[in-house]
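Novice: Take this structure first; my questions come after.
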Amino acid sequence: MLAVPGRHRSITLLIVTLVAQLLMLAVQVRRNTHVRLIRVWTVDSVTPFERGGTWIVRKVHGVFTGYVDLIHVHRDNLVLHDQLNQLELRNAALEGEAAEAQRLNGLLGFRTDHQEVPMLAARVIATSADTASHVVFINRGTRDGIKSNMAVILPDGVVGKIFEAYGSVSEVLLATDKDSGVGGLLEGTRTQGVVGGTGDPTLTMKYVSNDENVPIGQRVLTSGEDQIFPKDLPIGTVMQVKPGNPFKQIQVRPAARLDRLEEVLVLLTREEILPKAPPAQTVPVPHPATPAAAPPAKPSMPPVKPAGERGPSQ
Amino acid sequence: MSAPLTAEQNIEVFQFRAGSVVGVTALALLLQAFLPVYFPRMRMLDLPLLVTIYFGFSRRNPSTGLLMGATIGLIQDSLGRSPLGLFGIAKTLVGFLASSLGSRIDVENPISRFGLAVGFYLFHQAVYILTRRWLLAQPESILGAQLWIAAAVNGVLAVLIFPLLDHLRKPS
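Protein chains in written order, with this note's numbering: chain A, 1 to 314; chain B, 1001 to 1172.
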């Protein structure tokens, strides 16, 4: 039995007696909820320890999940990063392929709509090393029937002309080059002029009188006078008009995106390209003449047939 | 050879005749239950409390005093509708304190007996009221004129009764 010092015996006995009577009260008394007071005391005395234990367990678990598990999370994160990078690369490649497919589809559609017009699809493989020149190289040459001064277009509009044809490649002079010139006319007034490059991404229409009314947004089409481009192909739209001396200064935005050329069409004919091709008519195509030459009075030569067509489907 | 006296045994002074403690306690409890039937104002008296105080003063043994107070309080609880332990806790504390003070101050003087009786009565009522409030959640008025009047009456009664109980002591 616990040895209690004599001077503390009465205190101990007092405490024991009081506690015993308190417990006796707690067993008898019911609070408003009809729960015995001793049950209330027991629950109230145990609950803080239970809450504390739960808090400790939660904290320990949180440390474990927040730290130890993070080791694996870091490793998984690295793996996921690699996968993401690979997927991004693949996505970029797929987007490029999709864009290419879309362009090619546009070209195919253009060709399908104008099956009677001989044309050849070509891919731009290089540009000029000289920044002052607006020249690109395509993967078609004389072996494919390409010749100088053949028109190069896109379904959106004029691109340029074949400047020089080699065996398997050709050099295309873009319409924006300073030495370029395309016979053009305003769609509304049919006012003729010459559309040339300035070395900038825009074009300029020359030889239009100051008296002519040139509204902004007016479409500029090929006139066919240069003996290179068929008539009524879109060149661009008027974006700025200023009076000049002696002619108006007209700035034209190109219809085709000349800064994003990837695939082009080379026209093997100078026949006028109509929206809906008429039934097969053997309209002779004149020899491609020098730019801005006098228009032929009457086409008399048979259509140009490219030698050994090969490459993407036409 | 008898065991050496403990510190508590050294201060014990008075002993009582055989059966007197039990008899007086029983009589006090009986009168406490009987008198208010015919004399309602007697309800303000607390005869078991006075007995606890007296025997606590006389025995001067805290252990004995608190056990006696606990016993008297529990019996008093048993005679009423209040839960067991309500008066028991209060009289346990009174018995302990009375026994502790009995060895330290003069408790034979009528004036000190009156003062101590009034003080212990107020202390007893305070413990009782607080116990009801905290444990039973039952509201009880803490202070009032009736409390002070009852304390004074019990003090006067103590001055009258304690000398009669002194005759039950064994000659030392």
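Here a beta-carbon is modelled for each residue, glycine too, at the ideal position from N, C-alpha and C. Keep in mind it's a predicted model, so treat the numbers as computed, not measured.
What in chain B is Cβ-close to A:Thr54, meaning under 7 Å?
Specialist: If you number the first sequence from 1, residue 54 of chain A lands on position 54. Within chain B, no residue comes near A:Thr54; the closest Cβ sits about 29 Å away, beyond 7 Å.
Novice: Hey, does A:Val73 have any beta-carbon neighbour from chain B nearer than 8 Å?
Specialist: To locate residue 73 of chain A, count along the first sequence from 1; it is residue 73. Not an interface residue.
Novice: Of the residues that make up the region 1082–1103 of chain B, which ones have a beta carbon closer than 7 Å to any beta carbon in chain A?
Specialist: Listed by position along the chain: Pro1083, Leu1084, Gly1085, Leu1086, Gly1088, Ile1089, Thr1092, Phe1096.
Novice: Using a Cβ-Cβ distance cut-off of 8 Å, determine whether A:Thr17 contacts chain B.
Specialist: Position 17 of the first sequence, counted from the first residue, corresponds to residue 17 of chain A. Yes, its Cβ sits closer than 8 Å to a Cβ of chain B.
Novice: A:Val35 by DSSP, collapsed to three states: which one?
Specialist: Along the first sequence, one-based indexing puts residue 35 of chain A at 35. Three-state DSSP puts A:Val35 in coil, outside helix and strand.
Novice: Mind checking if B:Leu1135 is an interface residue toward chain A, Cβ cutoff 8 Å exclusive?
Specialist: As a position in the second sequence, residue 1135 of chain B is number 135, starting the count at 1. So, interface residue.
Novice: Name the one or two DSSP bridge partners that A:Met119 has.
Specialist: One-based indexing of the first sequence puts residue 119 of chain A at position 119. Bridge partners of A:Met119: A:Leu267.
Novice: Per DSSP, what kind of secondary structure is A:Thr198 in: helix, strand or coil?
Specialist: Residue numbering aside, residue 198 of chain A sits at position 198 when the first sequence is read from its first letter. DSSP places A:Thr198 in coil when its eight states are reduced to three.
Novice: Tell me, please, which residues DSSP counts as bridged to A:Ser209.
Specialist: Along the first sequence, one-based indexing puts residue 209 of chain A at 209. Bridge partners of A:Ser209: A:Phe247.
Novice: Counting beta carbon pairs with one atom in the region 16–28 of chain A and one in the region 36–43 of chain A, are three or more of them shorter than 8 Å?
Specialist: Cβ pair count under 8 Å is three or more, so yes.
Novice: Determine, using beta carbons only, whether B:Leu1031 comes closer than 8 Å to chain A.
Specialist: For the purposes of this step, residue 1031 of chain B is taken as residue 31 along the second sequence, with counting starting at 1. No, B:Leu1031 lies away from the interface with chain A (no Cβ there is under 8 Å from its Cβ).
Novice: Which residues in the same chain as A:Ala277 place their Cβ atom closer than 8 Å to its Cβ, once the five residues preceding and following it in sequence are excluded?
Specialist: On the first sequence, residue 277 of chain A is found 277 positions in, with the first residue counted as 1. In this predicted model, A:Ala277 has a pLDDT of only 47, less than 50, meaning its place in the structure is not dependable; the value taken from the coordinates is given anyway. So the list reads Asp113, His114, Gln115, Glu116, Val117, once near-sequence residues are dropped.
Novice: So if DSSP puts A:Val238 in a beta bridge, which residue, or which two residues, is it bridged to?
Specialist: Walking along the first sequence from the start, residue 238 of chain A turns up at place 238. BP columns for A:Val238 point to A:Val252.
Novice: Count the other CB atoms, across all protein chains shown, that sit within 10 Å of the CB of A:His134; report buried if there are 16 or more and exposed otherwise.
Specialist: Here residue 134 of chain A refers to the residue found at position 134 of the first sequence. That one is buried.
Novice: Given that A:Ser45 touches chain B, what residues does it touch there, using C-beta distances under 9 Å?
Specialist: Sequence index remark: in the first sequence, residue 45 of chain A carries index 45 (1-based). Chain B residues near A:Ser45: none, gap ~14 Å exceeds 9 Å.
Novice: Does chain A have any CB closer than 8 Å to the CB of B:Leu1067?
Specialist: Translated into positions along the second sequence, residue 1067 of chain B becomes position 67. So yes, B:Leu1067 belongs to the interface.
Novice: Residues in the same chain with beta-carbon distance under 7 Å from A:Gln251, minus the five sequence neighbours each way, listed in chain order, please.
Specialist: In the first sequence, the residue the question calls residue 251 of chain A occupies position 251. Result list for A:Gln251: Thr202, Thr204, Met239, Gln240, in chain order.
Novice: Let me confirm a value: A:Leu242 is counted as buried when at least 16 other C-beta atoms fall within 10 Å, else exposed. Which label applies?
Specialist: To locate residue 242 of chain A, count along the first sequence from 1; it is residue 242. One point to set straight first is that residue 242 of chain A is Lys, not Leu, in the sequence displayed. With fewer than 16 other Cβ atoms within 10 Å, it is exposed.
Novice: Spell out the partners DSSP gives A:Ile138 in its beta bridges.
Specialist: Translated into the one-based positions of the first sequence, residue 138 of chain A becomes position 138. Answer is A:Val124, A:Ser170, bridged to A:Ile138.
Novice: When the cut-off is 8 Å and only beta carbons count, does B:Ala1151 lie next to chain A?
Specialist: Against the second sequence, residue 1151 of chain B aligns to sequence position 151. No, its Cβ sits nowhere closer than 8 Å to a Cβ of chain A.
Novice: Round the Cβ separation of B:Gly1155 and B:Val1118 to the nearest angstrom and send it over; I've been treating them as touching at under 8 Å.
Specialist: Stepping through the second sequence from its first residue, residue 1155 of chain B is reached at position 155. Stepping through the second sequence from its first residue, residue 1118 of chain B is reached at position 118. That belief holds up - the Cβ atoms of B:Gly1155 and B:Val1118 are roughly 4 Å apart, short of 8 Å.
Novice: Mind checking which residues open and close the alpha helix (DSSP H) that includes A:Lys161?
Specialist: The sequence position of residue 161 of chain A within the first sequence is 161, counting from 1. Unbroken run through A:Lys161 is the beta strand (DSSP E), 158–165; no alpha helix (DSSP H).
Novice: Helix, strand or coil: which one does DSSP assign to A:Ala277?
Specialist: For the purposes of this step, residue 277 of chain A is taken as residue 277 along the first sequence, with counting starting at 1. A caution first: A:Ala277 carries a pLDDT of 47, below 50, which makes its placement in the model too unreliable to give a value.
Novice: Report yes if the C-beta distance between A:Thr191 and A:Leu185 is below 8 Å; otherwise report no.
Specialist: Counting from one through the first sequence, the residue named residue 191 of chain A turns up at place 191. Counting from one through the first sequence, the residue named residue 185 of chain A turns up at place 185. Cβ atoms of A:Thr191 and A:Leu185: closer than 8 Å.
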